[in-house]
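With UniProt numbering applied, the sequence shown corresponds to residues 1 to 300, in that order. Let me begin by presenting the structure, written as structure tokens, before commenting on it.
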Amino acid sequence: MDMDWVLSRWPLLPCPTTGTPGAPLVSILTWKKLKNTLKAELYLQEDETVDAENFINRASRFIHNVEDWALKLRFQVSYARILDSKRKFLDAALRYYEFSQSKPDEVDPDDLLELLSKAVTCAILASAGPQRSRLLGTLYKDERVKNSEYVAILEKMYMEQLIRRPELVQFEKSLLPHQKAVLSNGFTVLENAFLEHNLLAASRVYSSISLEELGKLLEIEPANAERVAATMIGEDRMKGGIDQHLGFLEFENTEDEVLAAFDTRISSLCFNVNQCAELIEQQYPDIVRSLAATAMATAP
Numbered sequence: 001m002d003m004d005w006v007l008s009r010w011p012l013l014p015c016p017t018t019g020t021p022g023a024p025l026v027s028i029l030t031w032k033k034l035k036n037t038l039k040a041e042l043y044l045q046e047d048e049t050v051d052a053e054n055f056i057n058r059a060s061r062f063i064h065n066v067e068d069w070a071l072k073l074r075f076q077v078s079y080a081r082i083l084d085s086k087r088k089f090l091d092a093a094l095r096y097y098e099f100s101q102s103k104p105d106e107v108d109p110d111d112l113l114e115l116l117s118k119a120v121t122c123a124i125l126a127s128a129g130p131q132r133s134r135l136l137g138t139l140y141k142d143e144r145v146k147n148s149e150y151v152a153i154l155e156k157m158y159m160e161q162l163i164r165r166p167e168l169v170q171f172e173k174s175l176l177p178h179q180k181a182v183l184s185n186g187f188t189v190l191e192n193a194f195l196e197h198n199l200l201a202a203s204r205v206y207s208s209i210s211l212e213e214l215g216k217l218l219e220i221e222p223a224n225a226e227r228v229a230a231t232m233i234g235e236d237r238m239k240g241g242i243d244q245h246l247g248f249l250e251f252e253n254t255e256d257e258v259l260a261a262f263d264t265r266i267s268s269l270c271f272n273v274n275q276c277a278e279l280i281e282q283q284y285p286d287i288v289r290s291l292a293a294t295a296m297a298t299a300p
């Protein structure tokens with residue numbers, strides 16, 4: 001990218017000064033941090049990730065000495081976008097979600113919802129595993145996510161239920177170019193996340209399954225299903241083993257994992273029941289008060 005073009009896109013910046021009277025308009029450290037953060041933002045707009053990361057790394061040397069909260073947030077969001085563009089989706093999702101919890105009086109509420117949406121997208125695209133499962137649970141229980149158009153996908157992933165390809169069509173249309181990239185295994189980022197999720201979901205139902213049946217379940221060739229399973233087992237993101245002679249995948253779910261999955265479903269059910277109760281109370285307060293009074297009157 002032409003740096004002259006970048007400079008032409010800059011807003012007018014206050015220059016560092018030690019003029020009198022009074023304190024400096026902008027400290028040297030803040031100005032350097034602002035300059036590098038703006039450069040990173042502009043490079044990110046043009047999908048120039050390498051250059052953006054270079055300037056974010058420069059800005060990081062000053063981050064601890066800058067007191068301007070808004071500037072720090074811009075730096076952190078730019079860093080999260082770099083992680084996102086490098087397909088480090090779990091790390092990006094964690095940061096997006098953290099920033100989405102900023103106080104509404106400090107950040108525009110619409111910007112917070114956009115950060116939350118980015119967190120949901122990256123969590124869905126992240127590699128399946130324990131860390132991702134915990135993040136999915138956190139996102140699913142966030143009240144703000146209920147208005148997301150992709151809450152159904154998030155819920156199925158959190159509940160470890162099988163997802164069919166047609167359910168992902170609209171979600172795929174919302175993805176950015178780097179989120180549609182084809183990986184070394186021949187699958188797109190979304191396809192890979194979808195396959196890994198369904199494989200984990202299958203592990204909660206089956207103790208073993210033939211590779212041929214697994215291929216049908218995942219809607220891919222058995223050989224490809226075997227490779228996906230082997231990768232997840234090799235990276236310790238799924239417990240199991242492959243018997244290539246018999247053509248079977250054996251899952252190794254411990255009793256604790258089975259109970260944890262059961263607890264997750266019970267927790268989700270209780271959460272949804274509470275949600276329904278709150279909605280009923282909001283819409284029909286008189287009926288709720290009447291029922292509560294009746295219950296108290298008939299209590300032993």
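Even for Gly, the Cβ is constructed at its ideal location relative to N, Cα and C. Since the model is a prediction, treat every value here as computed from it, not as a measurement.
Item	Value
Cβ separation of F248 and S210, assumed to be a contact under 8 Å, to the nearest whole Å	5 Å
Spatial distance of P109 from R95 (CA atoms)	17 Å
First and last residue of the uninterrupted alpha helix (DSSP H) at F187	Looking at the DSSP string, F187 is not in any alpha helix (DSSP H), and its letter there is neither H nor E.
Contact under 9 Å by Cβ, Q179 with L190	yes
Presumed contact (8 Å Cβ cut-off) between Y150 and F171, rounded CB distance	5 Å
Own chain residues within Cβ distance below 6 Å of L83, not counting five before or after	D91, A92
Inter-stretch contact (C-beta, 8 Å, three-pair minimum) for the region 108-124 and the region 225-240	no
Straight-line Cα distance separating K72 from L175	27 Å
Whether E160 touches S117 by CB criterion (9 Å)	no
Segment limits, beta strand (DSSP E) that includes L249	248-251
Cα-Cα separation between F187 and E143, rounded to whole angstroms	33 Å
Coil, strand or helix - D243 by DSSP	strand
Cα-Cα separation, K141 to H245	44 Å
Cβ-based burial, I220 [other Cβ within 10 Å; buried from 16]	buried
Local Cβ density within 10 Å of L214, reported as buried at 16 or more and exposed below that	buried
Close-in-space but distant-in-sequence residues of the same chain around L200 (CB under 7 Å, 5 per side omitted)	A128, E160, M238
Cβ-heavy atom distance, V228 to the ligand GDP, below 8 Å	With respect to the ligand GDP, the structure shown offers nothing to examine, as it has no ligands at all.
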